[in-house]
Each structure stands twice: as C-alpha cells, then as structure tokens.
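Written below as structure tokens is the structure these notes are about.
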Amino acid sequence: MKGRVLVVDDDTALAEMLGIVLRGEGFEPSFVADGDKALAAFRETKPDLVLLDLMLPGRDGIEVCRLIRAESGVPIVMLTAKSDTVDVVVGLESGADDYIVKPFKPKELVARIRARLRRSEEPAPEQLAIGDLVIDVAGHSVKREGQSIALTPLEFDLLVALARKPWQVFTREVLLEQVWGYRHAADTRLVNVHVQRLRSKVEKDPERPEIVVTVRGVGYKAGPS
Amino acid sequence: MSRDSAASAPGQPGSRSRPVGRKTTSSFWARFSEGWLLQGGVQGSPVLRLFMRWVRRPLLPVMRLWRRNIQLKVVVTTLLMSLGVVLLLGFVVIGQVRNGLLDAKVRASESQATGGFGVAEQRADAAASAGGDDGSSTDERPVQNISAWLSDLVESLSSGGQGAFDVVTLSSSSTVAGADSGGRGPRSSGGVDPATSVPEDLRRRIDENTLPAQSYTRIVYKTGQDSQPGLVIGKQVNDPNRDPYQLYYLFPLTQEEKSLSLVKGTLATAGLFVVVLLGAIAWLVVRQVVTPVRMAAGIAERLSAGRLQERMKVTGEDDIARLGEAFNKMAQNLQLKIQQLEDLSRMQRRFVSDVSHELRTPLTTVRMAADVIHDARVDFDPVTARSAELLADQLDRFETLLADLLEISRFDAGAAALEAEPIDLREVVRRVVSGAEPLAERKGTQIKVVGDHQPVVAEADARRVERVLRNLVVNAVEHGEGKDVVVRLAAAGGAVAVAVRDYGVGLKPGEATRVFSRFWRADPARARTTGGTGLGLSIALEDARLHGGWLQAWGEPGGGSQFRLTLPRTADEPLRGSPIPLEPRDSRRNRGLNDAGLPLGGTQKLATVPAQPHGEHGVPPMPPRAPVAPRLAGGVDPAALPGNGARVVPRPAAEARAVATAPVESGEREEPGEAPSEGGAGTGEGPDQLKQGEGSRGR
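Following this line, the structure appears as structure tokens:
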C-alpha cells in the first residue's frame, strides 16, 4: 500500500510542515492551497486520502468535502480548529470520515491516516447478511435484491462490523475502536453522524431503521436478518 | 357548629332558624374560607363535605370565568345596578300615577256622594213632611213605607250614576238589633253584595259620627260578576222617620286599575329594554377598552415568548392609543437591547472562534516542528537536545492552557450546549480510572472504585462528565501524596453522584470554595510541577452547572479532601440532595477526633481502609451519620450543606436555605466570618448561575 495524500490547506507553513511529517512517514503528499482548485487537484492526483482544512479561501472545506464525496469514497480527514459540536457535525455530515482538531501531534495525525488507509487493504472473501442486505466483503459491495448500494469505505466498514456480530450490541466506543481505529475513547459524535449517513443510504425508511438499530443508552446493533 | 355561628352574621339570631340548605351552605363557606387555609382542621362529616364538593363543582367554571373576565364583571354589574335603578324608578312612577288617578277619582266620587247624601236627606225631609201632612198615621205604616222608600231611594240614586257607581243602604248597627231590622235590611243597586262589599270598620266609623267616611274595598257582586276594586263612601243618613241608616256610594275603580296596569306594563317593558340596552352598551363600551388590553396582554405574552417583532396596532390618540404607543416603545427598546446583547454575544463567540482558529493553525505548525525536532534530539548536543525537550513539554502545556481558556470562554459566552443522553457513569469512571492509571502508578497511588456493582445511569453529556471526573481523579492522584484514592458511585432518589476521595494534604478552611476559582492555586509558592492549567476545576464546575448538577468540595488540612459531583438522573430535573454525603464518613470529625489528638500513622491506617457498611444502593439519600446528626434538623439534605465551606452549585434557593439552617459549627478550624461570606457569595451569584445555566441549555 502506497499512500498518496492530498493536503488541502491555505497555511503554507502548516502545509510544508505536514509535507515534512508525511514524507518522513513514507507518504507521498501533494498540496493545494485554494478551495476552488481542490477538486481539480483531487482529480489529477487521485489520492488515497485527503487531508482537508475546514477554513479555506474560495470554497470552504465543507463544500470541497461535499464535492469530493460526490464523486469518490476516498477517505477524507478534516483538519479543524473548532471542536464545537456544530462545526464538527457539519464537517462529518458533509462526508468527512474523521476529523482531527488543531493543534495535533504528528504521531496522532499519522495514526489517523494509517487507520483510514488500512481499511483499504484486501480482506478475505466473506459473505454477510444484515436485514435484507447482502454484503460481499471482498468485493466491497452491498446489495439489496440485486440492487447495489454505493457506500464509502468507512460506511462499508461500519456496516460490516455490525453485520459480523449481529448478536452483539456495539457501544459507540467499541465502534470507534473497530472502525476508526481509535485506541482510547474519542468523540462519539463520529459514530452518531456516520450511523445517520449509513442509514440514509441503506435503510428503506431512515426514520424507522431496520438495518442499524439503536439500543437506547447502549449503542447500535445489526437488525434481524 | 361554633364555626358556623361564627361565620354567619353576628347579631342575627334568625340565622339559626334558616332552612337547612342555606345553613349548610353557609357553613361550607365558613369552612372553605377558614378551613382551607388551616389545611382543613377538624371538619364536619365527610359525607357533607363530599356533597358540598358535588354542589360546588359545576359552579367552579363559572367562578373562574367571573374572576378572569372583566367584561363579564362589568356587564353583570351594570345589569344588576340598572335593574335596581329601573325598579326604583318604576315604583316611584307607579306610585305617583296611582296617587294622581285616585285623587281625581276620590274627589269626583266625594262630590258625587255628597250630592247623593244631600238628595237622600232632602227626600227624607220631603217624605217626613208629606207624612206629617198625612197627619194621623198608624204605627205600622211608616215601617212599610220606610222599606219601600229605601228601595225607592236606592233605585233613584243609582239611576243617576249610569252604572258609574252603585248605592247601598245598610241599617245602622245601633238599630240592627232592633225589631225593625226587617224593614231596613240591606239594599243595593247593580247586584252588589252589600254585606261583603262594605268593610266592617267603615261601618263602625259611620256609626260613630254623622260625617261621611270613605274606604277602599273590593266590590263583590251577587250576580256572579268578578269582584273589582272600588272606593266606598258612606254616611249616616236619617230616613223619613228620623231613624238613622247608612247610605253608601260604591265607585268601581276598574278604569283606574286598567290605566294603572297599562302604565305598569309600559314601565316594565321600557325598564326591561333599558336594562338590556344598558347591558349591551356596557358590553360594547367595555369591549372597546378591554379589547386593546387583551391584545396588549396577548402581545406581551408573545414578546416574552421571544417573538420580539410583535407590536400593538395603534389607532387614534386616546388613552388606549397611548397605552399602545408606550407598549410598542417598550417592545422596541426591549428588542433593541436584546439585539445588542445578542450581537455582543455573537461577536464574543465569533471572536473566540476566530482566535481559536488563528492561534491554533500556527500552533499546529510549531507543535509539529517541535515534535520533529524532539524526535531527532538524539543527534543534537546535550544543550540543544534538552531545549528540544523543554520546547515540546511546554508546548503541551501551552496547548492545554489554550484549550481550557477557549472552553471557559465558550461557557462565558453561553455557547456551551449540553448533549445529554442516558449514560452509565460506571463506564465513564472506568475509562477515567484507566486513563489515570499511568499517573497513579508513577505516584504510587492505588485508585479504588466503590459502588460500581450496579448501573448508575443518568441523562448526561458523556464528554463533559468524563472531563469533570478525569479532572477530579487526576487532581486527587496528584495531591494524594501517594495514598489511596477512592472513587465512590451512588444513585438514589432523582440523583446520581460520584465522589472522589483522597487522603493527601487536604484543604484549609475556606479553600473548599476557592478551589473552583480560575487560576487558583492552593499554595502560590509551590512549584508548578504538576502542570495543571488552573482552569480544570472551573471548567468542571461549569460542566456540572450545565447539567443542573452540583460540584462540591470538602477537605480538612492534612486529612485529605473529597470532591463530589451530583447530577440529576434526568436532565432538567431539580436536584434535592445527593446520594453521597459531602463530608466522608472517615473524616476526622465524623470519627470524633481533632487534628491534634491524632497520630499521623493512625490517619493513614484509618483513612486507607474506608469502612463502608455499604448501603449506597437503595438507601435513602440521607444515611444517618452519628456525630453530626443535629445538623440534619434543617430538613435539607445534609449532604448538600456546605459543612466545611463546600460549594453548592446551581440551586440558589436550596443553597440559601442550607446556609441559613447550617449553624457555624466546627468553629475551631474555620476562620471567623468565613461561613457567612460564603453564604453571601453563594446566594449572591445564585440567580446568575441559574440564568446562565438555563440560557446555555435553552439554546
């Protein structure tokens, strides 16, 4: 696995520093400083992961995130200076897989990037069923009655994690560890937002979920097959 | 019974003989007015009360309407008062009309009767002289003659009246008993029943003197005609034999009565119309006034509900319009002020957010650079390597400080929002404890968790609660001097609590409140080795407040301290007490010891073995604690009392009471004047705290 990372950040010093750190860890960074040029750069470089600053000149990070997500499921990690709920949730809802609050440590950043890229590794062939969905883990596809549903890798991982153990109720913390690769507890809003996004794609009626069921006060579990 | 008589009007003996229904009603009202306030002391039979309630129930909505509706009040009052006025007027007018009618009639009747009496006397005289002319008349003749003569007289007198009056003759009562009563029996014209039509007392009056007299009566007819009111004028007249008899003129008042009833009818109709119209007018007039008032009330309600652009419609220049203008002006100013405050708050928030971003981006670069340098320090000479270490360490501190500052300013700006959901505090405690393990190991401290054999669930923001507890536990470990730290969980009533107990240096008197102050340090001279920002407990306090919970501290010098977080089980439920007493059971005072009488070794021993009888679960929030029992008398949860200078966070009323009821005990360790100043500070900032908490929760 080689990591091409597109860094979208207008702060040249930070971008350069990020480049130093990423190269030091064996990634191939490329840079773009303007939100308007981000999409073009994305198409050109075809990165394995995007590091996206939320505050950008031109198009802001949220918009860029939405545009990239519209055409690709590539992992997006947001860099944000704001840890307020609204900012984070808006970022996540626009399609980011994970976020990292400034100031962060280089190791932390690298760990996040690795965790997101690791998901792209080849898994063993496996067929799973959850509700009326059929999941082909190796083929990275989810089908309902032959109709395939497009999910981002992260959403796919989340669904697979739930489907592998349909008898188990997953707390948000456990999901954070299994899907996002967090060692110690982090922000459970990540889970909430992504479960909502996942539901909006796989549920027949997102208001009354049958695939990803909420267990009040505990977490989530897979719906009965 | 004594109540009843007391309630019924004094000096009215008649009230006792009132009908039963009224009586019980009045007694009910007496009970209602007195007994209600006295919480229904000794009362009558429950059946009676039940009955009264049953009677009263349908009236309640009416009474409520009466109390709340000024329009109804005015209209009903107007109706009643105008009804009274109309009735009074009616009586006066009718009385005057009747008097006028009757006066005329009486005068006419009197002259008629006087004329009649004259005629009767003349005829008697004439008959007497004619009889005298006859000369020698027999003794029997005159009787026969008188009888016929009287009939004749009645006939002729009444024939002149054309039915306008009737004439009755009666024998004088002095001669009724006489032998010749047969001849002078009652005679009448027009079928009048003479005996019943002429009142008895009039007859007596006429007997007594010879002047004419009159009286009102009912004329009764022998012919079956309806009796009718009438005026009777009578006089004692002599017959041709010089014997007195009574002659009466009876004038029916049918006409007058008809006129009177017509007047009455007219007046009643007019009165009814007047009353109804007055009611309608009152209704209209009141509506003119009440409608704007109601509108103002409605708009005021909407204004207070936050719809600041609501205004009253103003027409004209009258007082109502002035009210409307003043109201609108007030609303305008209110809106302006609120707008300004909102703008200010938004600016503040914006500023914080911007500062945050602007500071954080360069800090990130510095941080990364420092880490890269730090990682490469093995290649540097010792001085540069050490500098790299210092740089990295202090950047950590700087980051934490910045984060805390931003967090505090977020609270200050009211931008902190609570994301409450049911969480099990045991999970949070577990995470916090495992997170603090490395530090505890370094310090040689053992962290024990007590009371975690049962779920401790509350609606809370897991992130914030975890932050609070992490702070408390880390503080306890850092200040615990290597002794054990006990984290205790409990749930009871509507509250859950986590208390963190350490056995370290403890707190000096008065410090229990000061620990929550920003940038406060127990000992300014002490080296800042532990690297806290000085904002941790302030943030924790704000977090607790945001939950509507309490964060309180207790401590004794050298005896360690206990920090207790109490949260309501469900968000927005007011806290009444805490399941864990603020002052731990193993405090010196609770063991009946004082500072001096305690060897240090003993402290350690006792302290590290907190004998827990284990009643935390399912036990009421006030476990009886022997030595300080007198303090419980206040009725407030003893745990909430600021015994040694604890801080009761967001419930100002409870705090005020707690402070008021708590005697300043343990004076030997408290600086004089400390407790009152705490109380003052606490109550003083109470409403503010509450406001702020609500504001941020209300979003």
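These protein sequence lines are chains A and B, in that order.
Counting in UniProt numbering, the first sequence runs from 1 upward without gaps.
Counting in UniProt numbering, the second sequence runs from 1 upward without gaps.
Where a beta carbon is used, it is the ideal one built from N, C-alpha and C, also for glycine.
Suppose you measure from the CA of residue i to the CA of residue j; what does that come to, to the nearest Å?
i      : j      : result
A/Q127 : B/T361 : 45 angstroms
B/V468 : B/A326 : 49 angstroms
B/A370 : A/E177 : 28 angstroms
A/L14  : A/V193 : 28 angstroms
B/S82  : B/E310 : 40 angstroms
B/F273 : B/V285 : 18 angstroms
A/G35  : A/T152 : 22 angstroms
B/Y221 : B/A113 : 20 angstroms
B/P568 : B/W550 : 9 angstroms
A/P47  : A/G95  : 16 angstroms
B/S304 : B/Q340 : 17 angstroms
B/L80  : B/Y216 : 36 angstroms
B/V76  : B/V275 : 11 angstroms
B/D572 : B/G548 : 6 angstroms
B/N238 : B/L202 : 18 angstroms
A/V174 : B/L391 : 35 angstroms
B/S227 : B/Q214 : 19 angstroms
B/R564 : B/K443 : 22 angstroms
B/V487 : B/R464 : 18 angstroms
B/D586 : B/A540 : 25 angstroms
A/R197 : B/W66  : 57 angstroms
B/G190 : B/L278 : 50 angstroms
A/V202 : A/G139 : 17 angstroms
B/T291 : B/M330 : 20 angstroms
Taking the alpha carbon of residue i as the reference point, which residue from the options has its own alpha carbon closest?
i      : options                           : result
B/L575 : B/R591, B/R287, B/N99 and B/L546  : B/L546
B/L405 : B/R349, B/V456, B/L391 and B/D381 : B/R349
A/P106 : A/E203, A/P206 and A/V21          : A/V21
B/P252 : B/G163, B/L150, B/V498 and B/V465 : B/G163
B/D207 : B/D375, B/Y248 and B/A544         : B/Y248
A/S30  : A/L56, A/L54, A/G3 and A/M55      : A/G3
B/Q335 : B/V355, B/R56, B/T533 and B/A300  : B/A300
B/N99  : B/M368, B/L260, B/I423 and B/G558 : B/L260
B/L323 : B/V293, B/V515 and B/L277         : B/V293
B/A512 : B/P46, B/R302 and B/L537          : B/L537
B/R518 : B/R386, B/L535 and B/S158         : B/L535
A/D157 : A/A41, A/V77, A/R116 and A/R66    : A/R116
B/D461 : A/P206, A/K221 and A/R189         : A/R189
At least one CB of chain B closer than 8 angstroms to the CB of residue i: is that the case?
i      : result
A/M78  : no
A/D11  : yes
A/P29  : no
A/G181 : no
A/T188 : yes
Which residues does DSSP list as the beta-bridge partners of residue i?
i      : result
B/L231 : B/Y216 and B/F251
A/L51  : A/V7 and A/V77
B/E421 : B/A460
B/D502 : B/V485 and B/S561
B/E556 : B/G560
B/L54  : The sequence given here has Trp at residue 54 of chain B, not Leu. In the DSSP output, where bridge partners are listed per residue, B/W54 has none listed.
B/K448 : B/V486
B/R187 : B/T169
A/F31  : A/V7
B/A476 : None; B/A476 has no bridge partner.
B/F516 : None; B/F516 has no bridge partner.
A/K143 : A/V134 and A/S148
B/A491 : B/V496
A/D98  : A/V77
A/G219 : A/T171 and A/V215
Is there a C-beta anywhere in chain A that falls below 8 angstroms from the one on residue i?
i                      : result
B/D371                 : yes
B/P568                 : no
B/E399                 : yes
residue 706 of chain B : As shown, chain B starts at 1 and ends at 699. That puts residue 706 of chain B outside it, with no answer to give.
B/H357                 : yes
B/R365                 : Sequence inspection shows Thr at residue 365 of chain B; the Arg mentioned does not correspond to that position. Yes, contact with chain A.
Exercise. Does the pairing of the stretch 486-506 of chain B with the stretch 574-593 of chain B give three or more beta-carbon distances under 8 angstroms?
Worked result: yes
Exercise. Is the stretch 398-413 of chain B touching the stretch 439-449 of chain B in the sense that three or more CB pairs, one from each, lie closer than 8 angstroms?
Worked result: no
Problem set entry | the stretch 150-170 of chain A in contact with the stretch 409-418 of chain B per 3-pair CB rule at 8 angstroms | The stretch 150-170 of chain A and the stretch 409-418 of chain B do not touch, with fewer than 3 CB-CB distances between them shorter than 8 angstroms.
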